[in-house]
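Inspection log for the structure reproduced underneath, given as structure tokens.
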Amino acid sequence: SENYMLADKHKIEKEQNAQLRNQVAQLLQLEQEQKMQIQQRDSTIKTLQAKINSIESQRNEALHSSEVRSTIRSEPMPAVSSVLRTTGDGMDSSAVSKKLEEELKKRDALIERLHEENEKLFDRLTEKASSLSSPLSKGSVNVQPRDMARNDNNNKGLPVDVAPLPLSADKTEGTVALVKSSSEKIKTTPAGEYLTAALNDFNPEQYDNLAVISDGANKLLMLVLAAVIKAGASREHEILAEIRDAVFAFIRKMEPTRVMDTMLVSRVRILYIRSLLARSPELQSIMVSPVECFLEKSNTGRSRSSSRGSSPARSPVHYVDEKIQGFKINLKPEKKSKLSSVVLRMRGIDQDTWRHQVTGGKLREIQEEAKSFATGNKALAALFVHTPAGELQRQIRSWLAENFEFLSVTGDDASGGTTGQLELLSTAIMDGWMAGLGGAVPPSTDALGQLLSEYAKRVYNSQLQHLKDIAGTLATEDAEDASQVSKLRSALESVDHRRRKVLQQMRSDVALLTLEEGGSPIRNPSTAAEDARLASLISLDGILNQVKDAVRQSSVNTLSRSKKKAMLTSLDELAERMPSLLDIDHPCAQRQIADARRMVE
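For the sequence shown, the UniProt record's numbering gives the first residue as 1, with consecutive numbering after it.
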């Protein structure tokens, strides 16, 4: 019996020893895993600290380089420092990531507010532009427009007079400045001069490393955005006009290297296009296709139409006539399976972490597909520039909610934390589209650059047609006496000078150089009739001046027989020059010569 007791005791001790060994092995494994986690966290912290140190060094360089560079880094640095303090306090990498996400959200909110301010600015400028159009004072010779309805805001019965004509010419010159400001109108600033020099002097061939080239190019684009923000709403147009040629030439120069952040390129392009839109009535009549035309469910084809209409402020003039290919979105509801949950638990994988990885991968996939869809898509570019960013994302969210009802709005079941799946998906689509619109399509430029070229062409065409209408109206007016002939001639010469100035600006406009070969040229309306009338008026003016001299001599001196005969002969010679005049100028010349002949006789 004692042996049995010893055997049982030995057996129990053996089992306890086995349990202890298992526990020790588990503890060792747990300790090893914790050490690995600590190492990963330390490496993450070191990486973040290295990035922060790099950013701070860049910030210090920017602060000492110029006044413009000081604005680009001043705002984000407190956020970076707070992240550094957070990592120093020993928080894990997930907390650091969450902190960085919060700072990125704050940055996006700031950008959104800036977009809203720009929209308000554009509205105010549009109202001011419409309020500037007013009827001009009546002159001695009234000109009734033949077909001036399209220019009703600029001219309400244009008179031929010394004062009103320069006013209309200044209006045209102001419109020309919207596309490419003339050298005498551009105001220079230290920031603009610095940026122009930096953009023109940047040479990618000086660097062997593409990463260095990319970093330098993107910093310059960020400096452009920062300079516009710093200039404020009142001076935004001035700084954009000052650096315009340098910015466009820089983007075109860097496109072959494919190192620029295309989202930055898009933001710069949109600034210029919206600035042009706000000051060009001929572009404000464009109505783009709604966002529903650009979105499509992959399994059912075109999505159901939304009840939302387009903006009431837009007139029914479509920019795109051809059928638009929609961006196909393939989303399916998540299937919850007990088997998959068991498998994940057996592998030691947290379900929330796994779902987050799957969702993140899907978002990246959608963003890349959206980028590919937007590359070279001018119709989508038009939608972006004519729709405020916040409104466009809201429309995308509404479309997703209508067509994918299983998506979470509140985000309770979503892996994005407090951010709903609709918000994540719409942001991924917006970011992808924005990045794609800034990507070049060799041999042409990016879609927004192509759109800017098209819009610049429209403005130039409108200006040339507007000047032709004015000249055509002037060319049909009768002139009763020498003073009216002089005024008509001066008016036509002034309009012709404006037209030549527009043509000269077109030839040197960098924005138009972004069009691919074979692009539709700018229409230069024929001005043969107007030129012929101007030549006739010049000849008539010369005839009337000689008639005026004859009248003056006959009224001052007593004429001898030979002198009178010579003067009558000269008047006959003037009458023989009538074929050099147009028919519309014959009555004036005949009347003036006949009156002079009577006075001489």
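The C-beta atom is built at its ideal place from N, Cα and C for all residues, glycine as well.
- Query: Do the segment 376-383 and the segment 445-457 meet, that is, are 3 or more Cβ pairs less than 8 Å apart?
  - Reply: Enough Cβ pairs lie closer than 8 Å, so yes.
- Task: Pick out whichever of 388, 407 and 374 has its Cα sitting closest to the Cα of residue 431.
- Result: Of all alpha-carbon atoms in 388, 407 and 374, the one lying nearest the alpha-carbon of residue 431 is that of 374.
- Report buried or exposed for residue 502, applying the criterion of at least 16 other Cβ atoms within 10 angstroms of its Cβ. Answer is buried; the Cβ neighbour count reaches 16.
- Item | Pair within 8 Å by beta-carbon distance, residue 280 and residue 236 | Their beta carbons are not under 8 Å apart, which means residue 280 does not touch residue 236 by this criterion.
- Message: Would you call the segment 205-212 in contact with the segment 260-270, where contact means no fewer than 3 C-beta pairs closer than 8 Å?
- Response: The segment 205-212 vs the segment 260-270: no contact.
- Task: Could you pull out every residue in the same chain whose Cβ sits closer than 6 Å to the Cβ of residue 499, ignoring the five residues on either side in sequence?
- Result: 467.
- Message: For a test of the three-state rule: what should DSSP assign to residue 514, helix, strand or coil?
- Response: Reliability fails at residue 514, whose pLDDT of 48 lies under 50, so the model's placement of it is uncertain and no value is given.
- Item | Cβ contact check for the segment 192-205 and the segment 245-253: 3 or more pairs under 8 Å | Short answer: they touch.
- Item | C-beta atoms of residue 444 and residue 396 nearer than 8 Å | No, the Cβ-Cβ distance between residue 444 and residue 396 is not below 8 Å.
- Query: Using the C-alpha atoms, what's the distance from residue 291 back to residue 406?
  - Reply: In this structure, the straight-line span from the alpha carbon of residue 406 to that of residue 291 is close to 21 Å.
- Query: Is residue 327 helix, strand or coil when you go by DSSP?
  - Reply: Note: residue 327 maps to strand in three-state DSSP.
- Give the straight-line distance between the Cα atoms of residue 536 and residue 260, rounded to the nearest whole angstrom. Those two C-alpha atoms are separated by around 56 Å.
- Cβ neighbours of residue 524 in the same chain (closer than 8 Å, five flanking residues each side left out): For residue 524, where only same-chain residues beyond five positions count, the Cβ hits under 8 Å are 464 and 503.
- Query: Using DSSP with H/G/I as helix, E/B as strand and the rest coil, what is residue 582?
  - Reply: Here residue 582 sits in coil by DSSP.
- Task: Could I get the ranges of all uninterrupted alpha helix (DSSP H) runs contained in the segment 176-263, with 4 residues as the minimum, in chain order?
- Result: With a minimum length of 4 residues, the continuous alpha helix (DSSP H) runs that stay inside the segment 176-263 are 190-201, 210-242 and 244-254.
- Whether residue 255 touches residue 189 by CB criterion (8 Å): Between residue 255 and residue 189, the CB-CB gap reaches or exceeds 8 Å.
- Start and end of the alpha helix (DSSP H) containing residue 452? Counting along the chain, the alpha helix (DSSP H) containing residue 452 begins and ends at 447-475.
- Exposed unless 16 or more other CB atoms sit within 10 angstroms - verdict on residue 34: With fewer than 16 Cβ atoms within 10 Å of its Cβ, residue 34 is classed as exposed.
- According to the Cβ coordinates, are residue 436 and residue 389 closer than 8 Å? It is not a contact, given that the beta carbons lie outside the stated cut-off.
- Task: Look at the Cβ atom of residue 326, then the Cβ atom of residue 296, and state whether they are nearer than 8 Å.
- Result: If you check the CB distance, residue 326 and residue 296 come in under 8 Å.
- Span separating the alpha-carbon of residue 22 from that of residue 15: Residue 15 has its alpha-carbon roughly 11 Å from the corresponding atom of residue 22.
- Item | Proximity to residue 555 [Cα-Cα], best of 234, 597 and 367 | Sorting 234, 597 and 367 by C-alpha distance to the C-alpha of residue 555 places 597 at the top.
- Item | Euclidean distance between Cα positions of residue 529 and residue 399 | Each residue's alpha carbon lies about 54 Å from the other.
- Message: So, under 8 Å CB-CB, residue 550 and residue 570 are touching, yes? Tell me the CB distance rounded to an integer number of Å.
- Response: Indeed, because the Cβ distance is near 7 Å, the residues count as touching under 8 Å.
- In angstroms, rounded to a whole number, what distance separates the CA positions of residue 447 and residue 27? Computed Cα separation, rounded: 60 Å.
- Message: Beta-carbon within less than 6 Å of residue 187's beta-carbon, same chain only, minus the 5 sequence neighbours each way: which residues are those?
- Response: A distance below 6 Å between beta-carbons, with the five flanking residues on each side excluded, links residue 187 to the following residues of its chain, in chain order: 238.
- Distance, residue 552 Cα to residue 582 Cα: Per the coordinates, the alpha-carbon of residue 582 lies some 27 Å from the alpha-carbon of residue 552.
- Contact belief for residue 600 with residue 541 at Cβ below 8 Å, rounded distance in angstroms: Residue 541 and residue 600 do not touch by the CB rule: their CB atoms are close to 21 Å apart, not below 8 Å.
- Item | Pair within 8 Å by beta-carbon distance, residue 385 and residue 277 | A Cβ-Cβ contact shorter than 8 Å links residue 385 with residue 277.
- Assigned exposure category for residue 38 - 16 Cβ within 10 Å defines buried: A residue is called buried once 16 or more other Cβ atoms fall within 10 Å of its Cβ, and residue 38, having fewer, is exposed.
- Item | C-alpha gap between residue 328 and residue 293, whole angstroms | A straight-line Cα-Cα distance of about 11 Å links residue 328 and residue 293.
- Item | Of the residues 508, 505, 527 and 471, the one placed nearest residue 603, counting alpha carbons only | Past the edges of the chain, shown from 1 to 601, lies residue 603, and the structure says nothing about it.
- Beta-carbon separation (whole angstroms), residue 367 vs residue 440, contact threshold 8 Å: Contact flag wrong, Cβ pair sits at about 19 Å.
- Measure the alpha-carbon distance for residue 459 versus residue 547 and round it to whole angstroms. Residue 459 and residue 547 have their alpha carbons spaced roughly 45 Å apart.
- Applying the criterion that 16 or more other CB atoms from any shown protein chain within 10 Å of the CB defines a buried residue, is residue 457 buried or exposed? Classification of residue 457: buried, given that the 10 Å Cβ count is 16 or more.
- Helix, strand or coil at residue 547 according to DSSP, with G and I counted as helix: Residue 547: helix per DSSP, three-state reduction.
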